[in-house]
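Using the numbering used here, the letters of the sequence shown correspond one by one to residues 27 to 183.
Beta carbons are placed, not taken as given, at the ideal position from N, Cα and C, and that holds for glycine.
Single-structure report; data block below.
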Amino acid sequence: MKSLQFARFLIPIFLLMLAQPAYSQGTTHEVVLYVNTGEIQNPNVNDYCNFGQDPEIPNEEYTITTSVGDFVVWRGQSTSNPNDMVVIESINHEGDKGGRDIFGQNRLPGENGVVTGRVLNGTENGVPYKYKLTFRILSNGEERGGVFNIDPKIIVR
């Protein structure tokens, strides 16, 4: 009788496991947005930010390559004042700018200034996924400069 009860317990779990997509264990990709928090201003955000890429590559062309099952973690760092905080608020799918929603939702919200997403879908034929990274600056705990946006890319292989 106990084995029948145990089987009734295990069968739904087994079926649930079969329904889950098969992801790789996944690699974690950290994307750091470096910001000159002392001088940043809209609309010239790109003059004060970068991802540590070669200076010849504009932020809009900065691209990371991932695989389905990988995690991407976005965080910010001030280059001008170690006490300033770069708060990454969200990552938003930019469907009208090309690419596919690879995270399974249009908006990934931030938590404690960091955004983490798991790659759930590939991009067709290596076409980049365009997204909008939204962030704020906190100087001495006070918001400065409003909301800023940058539009980098991701390719899923």
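Taking the runs of the beta strand (DSSP E) that are 3 residues or longer, which of them lie wholly in the stretch 73–156?
89–92, 97–104, 111–119, 133–135 and 141–144
### Message
Rounded to the nearest angstrom, what separates residue 170 and residue 137 at their Cα positions?
### Response
What you label residue 170 is simply residue 144 of the sequence shown in a count that begins at 1. What you label residue 137 is simply residue 111 of the sequence shown in a count that begins at 1. Just so you know, the alpha carbons of residue 170 and residue 137 end up roughly 19 Å apart.
**Prompt:** Is residue 178 closer than 9 Å to residue 1 when the C-beta atoms are compared?
**Reply:** Absent from the model: residue 1. The displayed extent of the chain is 27 to 183, so no value can be given.
Practice problem: Out of 103, 69, 182 and 82, point me to the one whose CA is closest to residue 149's CA. | Solution: Taking the first residue of the sequence shown as position 1, residue 149 is located at position 123. Nearest option by C-alpha distance: 182.
Item checked: Straight-line Cα distance separating residue 68 from residue 166 -> Here residue 166 refers to the residue found at position 140 of the sequence shown. Here residue 68 refers to the residue found at position 42 of the sequence shown. The alpha-carbon atoms of residue 166 and residue 68 are separated by roughly 20 Å.
Of the choices 73, 94 and 61, whose alpha-carbon is the least far from that of residue 55? On the sequence shown, position 29 is the one that residue 55 refers to. The candidate whose alpha carbon is nearest that of residue 55 is 94.
Start and end of the beta strand (DSSP E) containing residue 166? Residue numbering aside, residue 166 sits at position 140 when the sequence shown is read from its first letter. First-last for residue 166: undefined, no H or E at that position.
- Bridge partner(s) assigned by DSSP for residue 20: Examination of residue 20 is not possible in this model, given that the chain is present from 27 through 183 alone.
- Query: Beta-carbon separation of residue 101 and residue 57 under 9 Å?
  - Reply: Looking up residue 101 in the sequence shown gives position 75. Looking up residue 57 in the sequence shown gives position 31. Yes, Cβ-Cβ distance for residue 101 and residue 57 is below 9 Å.
Spatial neighbours of residue 52 in its chain, beta-carbon cut-off 6 Å, leaving aside the 5 residues before and after = In the sequence shown, counting from the first residue as 1, residue 52 sits at position 26. If we look at residue 52 and ignore the five residues flanking it on each side, its Cβ neighbours are 95, 96 and 97.
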